[in-house]
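Here is the structure we will look at, set down as structure tokens.
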Amino acid sequence: MGLAVGRSMAKKRDLLRTSFILLLVLISQVNAIWAQTTGRFPVMNFHHREYNGHAQSWAITQDNRGLIYIANNVGVIEYDGSEWRHISINGALARCLDTDKNGRIWVGGQDEFGYLAADSTNTLSFHSLSQHIPETAKPLGMIRQLYASDSSIYFSSFTTLFRLNKDLTVSEWSPKTQFHRSYLTDGVLFIHQRDYGLCYLSNDSLRLVPGGDYFAPQLIYAILPFNQKYFLICTQNDGFYLLSRQALDPNFTGYTKPAIVKFSTSDDNFFASSKVYAGLKLDDNTFAISTYSGGVVFIDTTGNITRRIDTSVGLQDNTAWYLYMDNQKNLWIALNNGISYTPIFSQLTSWTENDGIKGVLQSVVRFKNHIYFTTNVGIFWFSNGRIEQVTGLSDLSWKLRTIHTMNGDEALLATTSSGIFQVEGGKATLIENGKYHSYCLLQSKLYPKITYVGLREGVGVIAENNGRFKFLGELTGTKGEVYSLAEDLNGDLWYSERYKGINYVDMVNPYQLVSEKPILYTLPFNPRYDDIAVVMIDGEVKASAECGLSKFSHQSNMFEPDSSLGLEFANGTTGLRILNQDQNGNIWFEAYNFSANRWLERAVKYPKNIYRREPAQFRTIPETIFYDIFPEDNNKVVWIACTDGLFRFDEDAGNLKNPIFRVLIRQVSAGPDHILFNGVYYDGNEGITFPTSLPYNEVKSTTLPYRNNSLTFTYSAPFFGQQQKLLYSYMLVGFDKTWSDWQPNQRKEYTNLPFGTYQFNVKAKNLFNIESPAETFQFTIQKPLYLQWWAITGYVVALLLIIWLSIRINTQLLRNSNIKLQQLVDERTLELSKSEQALIEKNVELQRQKEEILTQRDELEEHNRHINDSIIYAQTIQQAILPDLSQSLGNIFEHFLIYKPKELVSGDFYWISHAGPKSNPNEKIFIAVVDCTGHGVPGAFMSLIGSRLLSEIVNEKKIYNPADILTELSASIKVALHQNVSESFDGMDIALCLIESKPNDMFSVTFAGANRPIFCYSKAENRIQTLKGNRKSIGGLLPDVDLEFTNWRVPMHKGDMIIMYTDGLTDQNNSSKRKFTTARFQTYLLANIEKPMEEISSVLLQEFNEFTGSEPQRDDITILGIRL
């Protein structure tokens, strides 16, 4: 780098170029190593059809609001992150742009020079200052460069260098030959003259830079600040040079070294062949160099190329005319074909199929300073800066794990569909006996030589000996697809079995494949068990699933919801998958609401096992499905394997957590042809003055006529790269009560607003959950014409006139009416006197009738009291015949009873009888639930008859067959009610069960029914079976469908249930005339069947009451439940 510039430099130039050719191999290796460790930045491209302009763009700048401006062949193009706007510069092409310290945009183009400011329509437009240019300097020609200094504006063409002073006077300098390009670098104005050399402006005079005549035949395309001592001069095809700052001081005489020295790069041949066109110094003291044909190249202060951005990494064109760094650290590139930008300080870089990746990634790990990753087509690694496939394997590969061997070394094992492989360098070798389809690996801490492996069918064991591995076999009793493994503090094994749950294995001797039988545990909220994993975190066994996070409780012997990472992961609403826990205890996990909406988070560990989540840190990663995470030892660099490729996240690469961020109201309109505000405010100044500031942030109030009371607001936030993830919230003060919900819409309409004063507020929130300050627009809607003061005055005068006329007319009408009224009163008085006597006589008669009615009422009340007393006594009698269930069944079966008569007495009854000694194994228990014809007193009498006849048939006649009992009961009812000689239709429906005990906690239940079914619940099958009775009545004269009664015999187990009921429950209707139905009854029964019997009764009554509401009960209700 110490080659002096002089006449000898030309002789040495060929020698330098030749020497660099010898270094090409080394350079390519350096660049490849750089590519391995950093990856590619995302590149956003805009085709000229997208911004509706010319393909060529020449310059880019940004104002203090964050909007981007592009000098294009069609003029100036403004971009706010969502919308492109064109600003004409009097029909000329725009060639150069710059922004002064106040945010004013200056523009130079073909025969034009000026600035952008608001016009009378509140639209940003071009204001030409060409009229201030002396006529002798016109035509201006192409203004190729323009610079806004603190005190003036410089702009240059091939023929003239201009300076616009604050007093709007113009200073000008002419070349000795022809100006090429000018540069304003750290306050120094440089300008290159063809065939003369490099000059600079000093005390308003153009002076040749010491040694600047060397550049007479060269073309300089960038002069950048290098450090405090030098400027960096970038020539088009003669490389780079350093210019001493001290050499530019005419008063400094002690400088003896050459003013200009050669600056060599790691690939000078590339820059010579690609042709430098522009340059930019970056915040990290590196330099971005754009070229004619090689895209954009980055070099450091030693000349090493650190990165390239060209078509191979996504740039749409390799001809880059201009570079600009915006306030969010995005590098904008004006291309020969389109516009692009890339976040060169992005924390996120990536590798995709364009870089050599094949298939979908599954796992990633660093092993012996190389990155390895698996896909569905094999294992890959970074070798000499390139992604290469590991030989020996081309099948679906799952997990990579580093295994610590007993000799202090490390080994890399991989699970694949074709077996378990050991990876060494670029080769994979199947381990001994390892040809098993495998998914995951876990090295035991209790048995360091043992590594457990999850197989397609169970868990396998691998043993290590001197760095070599052998598959010993499968643990007995393990089964299913095993996708994850964990070892607890006792050395016992836990594994996830796909579609089943989490298994626990008490390890005895893994070397002998000896373990206890696995115990299967389910997870809270009953997930599908398709995407579950088990891990050890902080000494606890935890499981992740689509329903969240859970941990194993030894106290309850089950997995319980775990809220250590957030409440949403403990209530079943948000899925979670633990991907890794780094050496600092931080947890890396994937969260998701549904399969397509997934995001990555890190939970940082604090003392007492408290975690603080960082959900926004990784929001720049595209929405994808994550499979593995590998944090480097310092946790600053993280490798991420996902469906979209391989990502590298470097926390120190850039500070994107607090970017410059604001929202802008871009337009306010009262219709398609009535724009009130178009992005900027007009300051009302019609004269031409030197602009000092832009009123971008000034809040002005606009007054609108009432006919323009429907407004549309358009807004945007220039947050480049993540526009699709921006959310907006708005509130119209004076109309809206609160801020709106966050939404991606950038447009809000208000229609038919009342008159008054309003302020529209809008704010934005980016993907880091950072909210921008609110942007406001104030306006006043005038009152409508019919509410103006003069209109109201007219209304009042007209109203007063109408009132006066109404009073005059009504007064006259009232006088005439009073005369007629007096006549009518006299006539009516006479008639009333005649009617008075008749009324007196009528009142006497009415009094007599009242006394007679009161006497009849008292007699009826006394009669009703006797009837009610009789009914109450009948209720007492009926209750006396009903069996006491606590005595009849209390010591034998659990039971519940719902007995709810429609009136005081019921037509329903239940009946229980024992045949044989109690507590005898052969004891027979008869249970019946009966619904008699009618309800109230008639039904009660029928129930007395039915109860007595049942007891007589079973206890006296010793008939034990349920079907025979019903046949005998029907015949007895007909005899008792003389139905053979009368037309009595009375009868009853009945469900009758005979329960007999059997060995081994078994029961035999024999059922016969007359128009009534029963429910039989099987605990083992968790289902309810309905046994239907015969369609044949007890008593009555109606024809029967079935000719005789038949028995159902059902074997049942202890814990099973029988439910007998009348139709009063299922036929009950609600206010919508819909019945309760048998299906609803079964649903509530099955949902609560395992609860205590009293609780089942309470739940059924509660559901019945809620269903019925205010509707009256239609029929008697009886439900009897018995748990065997």
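Numbered as in this note's numbering, the sequence shown ends at 1124 without a single skipped number. Glycine residues also receive a C-beta, built at the ideal position from the N, C-alpha and C atoms. The structure displayed is predicted, hence computed values, not measured ones.
- Residue range 427-430 is occupied by the beta strand (DSSP E) that includes T429.
- Separation of the CB atoms of A148 and T185 is rounded to 14 Å, and the pair is thereby denied contact status at 8 Å.
- Only residues of its own chain outside the window of five on either side were considered, and among them K636 have a CB closer than 6 Å to the CB of D652, listed in chain order.
- DSSP, reduced to helix, strand and coil, places E135 within a helical segment of the structure shown.
- Assignment of E632 by DSSP, reduced to helix, strand and coil, places it in the coil class.
- About 16 Å separates the beta carbons of D506 and M536, which is beyond the 8 Å limit, so they are not a contact pair.
- Here the C-alpha atom of K329 lies approximately 36 Å from the C-alpha atom of S205.
- When only Cα atoms are considered, R65 and L97 end up about 16 Å apart.
- Beta-bridge analysis with DSSP links Y730 to V762.
- Taking C-beta atoms as the reference points, S740 and Y730 count as a pair closer than 8 Å.
- Around the beta carbon of R707, a 10 Å sphere encloses fewer than 16 other beta carbons of the protein chains shown; the residue is thus reported as exposed.
- DSSP places T476 in no alpha helix (DSSP H); its state is neither H nor E.
- With fewer than 16 neighbouring CB atoms inside 10 Å of its own CB, N1000 falls in the exposed class.
- Across the structure, Q347 and E590 are spaced so that their CA atoms are roughly 19 Å apart.
- Shown here for E540: same chain residues with a beta carbon closer than 8 Å to its own, the five before and five after excluded, namely K551, F552 in chain order.
- With a cut-off of 8 Å on Cβ pairs, the segment 360-380 is in contact with the segment 396-412, counting three or more such pairs.
- With contacts defined by Cβ atoms closer than 8 Å, R207 and H192 do not form a contacting pair.
- Residue pairing by DSSP places V534 opposite A543 in a beta bridge.
- DSSP places G294 in the coil class of the three-state scheme, outside both helix and strand.
- For F1107, no beta strand (DSSP E) encloses it; the enclosing alpha helix (DSSP H) starts and ends at 1093-1108.
- Contact holds between the segment 749-767 and the segment 659-668, because three or more Cβ pairs, one in each stretch, are under 8 Å apart.
- Here the alpha carbons of I819 and E831 stand approximately 19 Å from one another.
- Here A288 is buried, its C-beta having at least 16 other C-beta atoms within 10 Å.
- Check the Cα spacing between I1089 and each of P1112, I1122, V107: the tightest is with I1122.
- In the structure shown, I625 adopts coil according to DSSP, grouped into three states.
- In this model, T1118 and G934 are separated by some 14 Å (Cα to Cα).
- Rounded to the nearest angstrom, the Cβ distance from G756 to G734 is 6 Å, consistent with a contact under 8 Å.
- In this model, E546 and P524 are separated by some 11 Å (Cα to Cα).
- For the pair Y341 and T319, the CB atoms are not nearer than the 8 Å cut-off.
- Contact check between the segment 895-906 and the segment 1002-1014: fewer than three CB pairs, one atom from each, fall below 8 Å, which does not count as touching.
- Assigned with DSSP and collapsed to three states, T757 falls in strand.
- The segment 1050-1060 and the segment 976-990 do not touch, with fewer than three beta-carbon pairs separated by less than 8 Å.
- With a cutoff of 8 Å on beta-carbon distance, K725 and L767 are scored as near each other.
- Distance from the CA atom of N980 to the CA atom of V1099, rounded to whole angstroms, is 45 Å.
- In the three-state reduction of the DSSP assignment, N45 falls in the strand class, which pools E and B.
- Listed in chain order, the beta strand (DSSP E) runs fully inside the segment 225-260 are 230-235, 240-244, counting runs of at least 3 residues.
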